[in-house]
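To convert, take the position in the sequence shown, counting from 1, and add 8; that gives my numbering.
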Amino acid sequence: MASRTAQKHPSGGHMILVISLDRSHARRQAVTAAMDALGLAFRFVDAVDARRDALTPVAPAARIRAAMERDMSDGEKACALSHRKAYETFLAGEDSHAVILEDDAIPSPAFAAFLGAGGHLRHPMILYYHSGARVLRKPGVPALGDHLLFRLALPANGAVAYSLDRASAEALLAAQTPVVRKADWPMDIATLGALVVVPQLVGHPDRIADPGQSLLAAGRTNRRGLRLGRYLRAEYYRRKLLKLTTRRVS
């Protein structure tokens, strides 16, 4: 595993981890330049490579299909294992929080300012990039400038950029031992007290020039024919009700 800096951040209490394939030299150079420009010290976590590395620990296909209502591609397994590796790296240290980025994340100056002020250290989990996020119909909590924090009602899409405390990392690691779901997310992160920032503090490219380098650009298996059973589950109707009583912010 490559390391650029010491784990401890000058503001205290957190490490920043960037998940990246060791063969993605151009992407590593780009994220290094972006982070250095913002004054953010970080270290790389070598991503699990679906083309080369052993995909373990991963649950049997039948268990994955039961959990996800579809099959999981090797790319998705590698991505989930990479985030799992980041949790292990974080928990092996002494910091109270970790900030985890994928190497195609686009951090903003406001993101650096928020971390510098230690705003993330007061919450168990925050998503700085998200898609399809639904939040409780309550006023947002000031984060930085015009940015507000909202409590998630349902898991949002996207594990591109987020921070978490040790308890949240332990819960996510346990949920992925063995890997049974994709990186975003192996469990209902709303139960962890996860929040989202609106507007988002980290961007993500709409198109990836080389999908093979992207951790989340792996092909997805067709879900048709695997989802009929969901209508028989109480969880399906709970989520439908939540969607009626919450609002979407991304």
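Ideal Cβ positions, reconstructed from N, Cα and C, are used throughout, including at glycine.
As the structure is a computational prediction, the values presented were derived from the model and not from experiment.
Locate the alpha helix (DSSP H) running through residue i, then write down its first and last residues.
i, result
"M23", "Unbroken run through M23 is the beta strand (DSSP E), 22-28; no alpha helix (DSSP H)."
"L89", "82-99"
"H33", "33-45"
"M76", "69-76"
Evaluate residue i with the Cβ neighbour count: other Cβ atoms within 10 Å of its Cβ, from every protein chain shown; 16 or more gives buried, anything less gives exposed.
i, result
"L252", "exposed"
"A141", "buried"
"S139", "exposed"
"A88", "buried"
"S28", "buried"
"E102", "exposed"
"K248", "exposed"
"Y137", "buried"
"G153", "exposed"
"A202", "buried"
"T199", "exposed"
"H33", "exposed"
"R35", "buried"
"D44", "exposed"
"L184", "The sequence given here places Gln at residue 184; Leu does not occur at that position. That one is buried."
"V149", "exposed"
"G166", "buried"
"A261", "With the chain covering 9 to 258 only, the question about residue 261 has no answer from this structure."
Among the options, which has the Cα closest to the Cα of residue i?
i, options, result
"D196", "P213, L209, R159", "R159"
"G69", "A41, V187, L203", "First, the amino acid is wrong: residue 69 is Ala here, not Gly. Closest by alpha carbon: V187."
"H22", "A151, D79, L89, R130", "R130"
"T56", "D30, R73, L46, S258", "Position check: residue 56 holds Val in this sequence, whereas Thr was assumed. It is D30."
"R92", "R71, R73, D54, A121", "D54"
"E110", "I24, D44, V205", "I24"
"L156", "N165, H128, V26, S176", "H128"
"Q208", "M43, I72, S258", "S258"
"L135", "D82, R35, V206, G83", "V206"
"A250", "P163, K85, R36", "Residue identity check: residue 250 is Leu in the sequence provided, not Ala. For L250, the nearest C-alpha among the options comes from P163."
"A60", "S171, V107, K85, L46", "The identity of residue 60 in the sequence shown is Arg, whereas the question assumes Ala. Answer by Cα proximity: K85."
"G211", "A62, A120, F52", "A120"
"L123", "S171, V204, V26", "S171"
"T254", "V107, A161, P132", "A161"
"A58", "A151, W193, G83, P213", "G83"
"A62", "H105, A169, S90", "S90"
"V39", "Y244, P132, P213, M133", "P213"
What residues are listed by DSSP as bridge partners for residue i?
i, result
"E110", "I27"
"F122", "Its beta-bridge partners do not exist; DSSP assigns none."
"H155", "L152"
"V56", "Bridge partners of V56: none, in fact."
"R51", "L25"
"P115", "V210"
"V66", "V187"
"R256", "R142"
"H128", "Partner(s): none; H128 has no beta bridge."
"L249", "DSSP lists no partner for L249."
In the DSSP assignment, the beta strand (DSSP E) including residue i goes from what residue to what residue?
i, result
"A169", "169-173"
"V205", "203-206"
"M133", "133-135"
Nearest chain D C-beta to residue i closer than 9 Å, yes or no?
i, result
"A121", "Chain labels in this structure do not include chain D; a single protein chain is all it has."
contact_flag[the segment 61-81, the segment 143-152] where n(CB pairs < 8 Å) is 3 or more: The segment 61-81 is not in contact with the segment 143-152.
The segment 112-129 contacting the segment 92-102, beta-carbon criterion three pairs below 8 Å: no
Cβ pair count under 8 Å reaching 3, the segment 55-70 against the segment 174-189: Cβ pair count under 8 Å is three or more, so yes.
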